[in-house]
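Sequential numbering from 34 applies to the sequence shown in my numbering. Don't be surprised by glycine CBs; every beta carbon is placed ideally from N, CA and C.
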Amino acid sequence: MLNMFRSVPIYVWLIALGHGITDLSPGALYVALPFLKAKLGLTYAQVSAIVMMQNITASLSQPFLGYFSDCKPRPWLMPIGCLLCGAAMLGALLVNDYHLVLLCTALSGFGNAAFHPEAAKVVNRLSGKSIGKGASLFSVWGSIGVASGSMLMALLLSQGAGSLLYFYIVPFLLSGAALFYVAITLSPATGAQNGSLRHLTASFDWSLISLLGMVAARATVSSGISAFVPLYYVSYLNGSTLYASSLLTVYMAAGAFGTMLGGLMSDKYGSKTVMVYSILPLSLLMYVFRFAEGIWPFFILAIVSVLLTATFTSSLVLIQKMMPNNVGMASGLNLGFSVGLGTMGVLALGKVADLWGMPMIFDILAFLPMVALGLTVFIREPVREEGVRAEA
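Following this line, the structure appears as structure tokens:
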């Protein structure tokens, strides 16, 4: 399978690696939640608000930054976003006030938002006819980054909240330098497109709205698993942080395979087909998860992750086809806005946990894939790719 990526331009590799580094912060935040909860004496709802602050900040700004990018190429958003995402996440770990934690996580989310639309648009343009392959590579490094972030944060926190935490910023500095190189040497024509408001409004129909709704439902499941699996095992079952972080690492690492598979299969079979067959078994798997013991929780979460992330890549490919003249905003809507709407559900799930207990959350997470499947029925996939692709 790796031979298929030998023809990928070096800039796509550097941007994909930058995606992995930028997405260290979302993965790190989820593992840091028990640490922040104990450090500041937070409720489940307050912990959920931390996740919501990062994700909502990213989601609300991504579509606007994407449209901003569509009007004129702004490759400098990639290195600036990467550096801000890492520096603000480090700040959230070091401050001793809940409101400052919220501020830092908001800034981290904004940095994440600045990176993604421009990066996804450039990768789309450099990928030529193999949009799925480019999206797979871009997405798989994001999954690797999220998984590595959880592992890195678990390692740093296992040694105590001391000076070792400052090592967290090192990969962001290295990636920021590489992305600055890309930004100053990239051809201006690569990200250029006619992203007019007329093209944007013409793209919105019930098919696109259904796709965004499916993404929101899927994002609620994904964010809910990431936020509450560690809390369920550490704070509810009084298990070890290492075991909980291992579950989360397996869940996020398995997503790397799903993101690669989703893009490649979208090129071959179509994005809607990939989404339908990926969503279909999720409700049953999530229902069984809460009762699983031994090795089975790892196995179930790995399968769930593959299926969820396959729909992530296929939906990214599909929305870029639906909005060929506004690829930056399309990427912002898929990677940001709808995901943010989904993570608003995480705050509601936190309130559910406070009122009715943690197990109720997993019943809700088992129901939401049925909603996503119903919305997928109304999605129409464009028969032909449109828009002009700039080759590397």
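Contact under 7 Å by Cβ, residue i with residue j
i           : j           : result
residue 119 : residue 217 : no
residue 186 : residue 135 : no
residue 297 : residue 160 : no
residue 152 : residue 43  : no
residue 316 : residue 350 : no
residue 146 : residue 98  : yes
residue 188 : residue 126 : no
residue 393 : residue 269 : no
residue 319 : residue 399 : yes
residue 175 : residue 144 : no
residue 95  : residue 365 : yes
residue 428 : residue 53  : The chain is shown from 34 up to 425; residue 428 falls before or after that span and cannot be answered.
residue 355 : residue 241 : yes
residue 263 : residue 108 : no
residue 277 : residue 311 : no
residue 333 : residue 345 : no
residue 29  : residue 76  : With the chain represented from 34 up to 425, any question about residue 29 goes unanswered, as that position is not in the structure.
residue 111 : residue 171 : no
Element boundaries [alpha helix (DSSP H), containing residue i]
i           : result
residue 269 : Taken as a continuous stretch (DSSP letters only), residue 269 belongs to no alpha helix (DSSP H), as it is neither H nor E.
residue 157 : 131–159
residue 72  : 57–73
residue 217 : 203–218
residue 99  : 77–104
Local conformation of residue i per DSSP, three classes
i           : result
residue 238 : coil
residue 328 : coil
residue 251 : helix
residue 193 : coil
residue 432 : Nothing about residue 432 can be reported from this structure: the residues present for the chain run from 34 to 425 only.
residue 389 : helix
residue 48  : helix
residue 410 : coil
residue 429 : Shown here, the chain extends from 34 to 425; a query on residue 429 therefore has no answer.
residue 262 : helix
residue 17  : Because the chain here runs from 34 to 425, residue 17 falls outside it and cannot be looked at.
residue 243 : helix
residue 42  : coil
residue 179 : helix
residue 108 : coil
residue 53  : helix
residue 256 : helix
residue 404 : helix
residue 128 : coil
residue 278 : helix
residue 421 : Because residue 421 carries a pLDDT of 38, less than 50, the predicted location of this residue cannot be relied on, and the following value inherits that uncertainty. DSSP places residue 421 in coil when its eight states are reduced to three.
Residue i at chain B interface by Cβ criterion, 7 Å
i           : result
residue 157 : Given the protein chain composition of this structure (a single chain), no chain B is represented.
Residue i CB to nearest heavy atom of the ligand SAM below 6 Å
i           : result
residue 189 : The ligand SAM is absent from the structure shown, which contains no ligand whatsoever.
Can you list, in chain order, the stretches of the alpha helix (DSSP H) that have 4 or more residues and sit fully within the region 280–317?
-> Runs of the alpha helix (DSSP H) inside the region 280–317: 304–312.
Check whether the region 247–265 touches the region 124–133, taking contact to mean three or more Cβ pairs, one atom from each stretch, closer than 8 Å.
-> no
Meets three-Cβ-pair contact criterion under 8 Å: the region 388–405 and the region 248–257 | The answer is yes - the region 248–257 touches the region 388–405, with three or more Cβ pairs under 8 Å.
Unbroken stretches of the alpha helix (DSSP H), 4 residues or longer, contained in the region 332–369 | 360–365
With contact counted as at least three CB pairs below 8 Å, one residue from each stretch, are the region 305–318 and the region 273–285 in contact?
-> no
Could you tell me whether the region 135–150 touches the region 105–123, where touching means 3 or more Cβ pairs closer than 8 Å?
-> yes
Segment contact flag, the region 65–74 with the region 103–115, C-beta cutoff 8 Å, min 3 pairs = At 8 Å Cβ cutoff, the stretches do not touch.
Looking at C-beta atoms only, is the number of pairs between the region 281–295 and the region 333–345 that lie closer than 8 Å three or more?
-> Enough Cβ pairs lie closer than 8 Å, so yes.
Report yes or no: do the region 59–69 and the region 171–190 share at least 3 C-beta pairs separated by less than 8 Å?
-> yes
Kindly confirm or deny that the region 382–401 and the region 77–95 touch, where touching means at least three C-beta pairs closer than 8 Å.
-> With contact defined as three or more Cβ pairs closer than 8 Å, the region 382–401 and the region 77–95 are in contact.
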